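The structure appears below as structure tokens.
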Amino acid sequence: MREVEELKAYYLYKHYVTPWDVKQYVYCPMIPWIVYHLGINEPPTESMVMGGEVDASYKEKIAEKLRLPKPWRIEVELEDNELGLHGKVDIIAGRRRLIVVEVKRYKRVSVEHYQAQLLVYALLVAKKLGPVGKAILVYGDKVLEYSITNADILLARKLVEKTRRIIDNDKPPIVNQDQRKCNICWYKRYCPFYNT
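Numbering-wise, this note's numbering comes out as the position in the sequence shown, counting from 1, plus 333.
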């Protein structure tokens, strides 16, 4: 029976949504639409390349520095067919009430979209491994800790669903332009609304 459900879920979704997609959606809903419909991805910046080079040993040092309970699971790939969600979690710590950690190498000015990404990782871990009690965002030398509630898990699920609707829709989303964001956005040259 479970195999039939998983097969139905596989055919239901054209692709999996990732926490990265949700992060981009929260920043601007147009970005995941451009990525999936136009097949265009921002070329990695120098800081993206350096951030992508954060390896498992660096993440273990973060777990140690945060004094996370063991066991530590580093760079865990998880997939949920029901949600059509796939992602690689930087750190999962503990046994019963799990702790999810997202590591960003550099300090960020705005973290709202990274918080959304972290919540989606918490949702994925909760669905696949067990209850999540805390989520931690490490960015540069800053650490933000969040107690995870059922409301957070429901919010993460809604964000995944909203992101999927954007990606699955052939028409671009209507977005509220934020000149501050639009002016620095790499995707603006492909944005149907920015260029009208």
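Every residue, glycine too, gets a C-beta built ideally from N, C-alpha and C.
From a predicted model like this one, the values you see are computed outputs, not experimental measurements.
Distance from the CA atom of residue 509 to the CA atom of residue 495, rounded to whole angstroms, is 16 Å.
No residue range can be given for residue 439, since it is assigned to no alpha helix (DSSP H) and is classified by DSSP as neither H nor E.
Here residue 474 is exposed, its C-beta having fewer than 16 other C-beta atoms within 10 Å. DSSP places residue 428 outside both helix and strand once states are collapsed to three, so it counts as coil. Proximity to residue 472 across 437, 413 and 513 peaks at 437, based on C-alpha coordinates.
Counting C-beta atoms within 10 angstroms of its own C-beta, residue 352 has 16 or more neighbours from the protein chains shown and is therefore classed as buried. Excluding the 5 residues flanking it on each side, residue 434 has same chain C-beta neighbours closer than 6 Å at 423, 424 and 469, in chain order. Closest option to residue 354, judged by alpha-carbon separation, among 418, 461, 430 and 403: 418.
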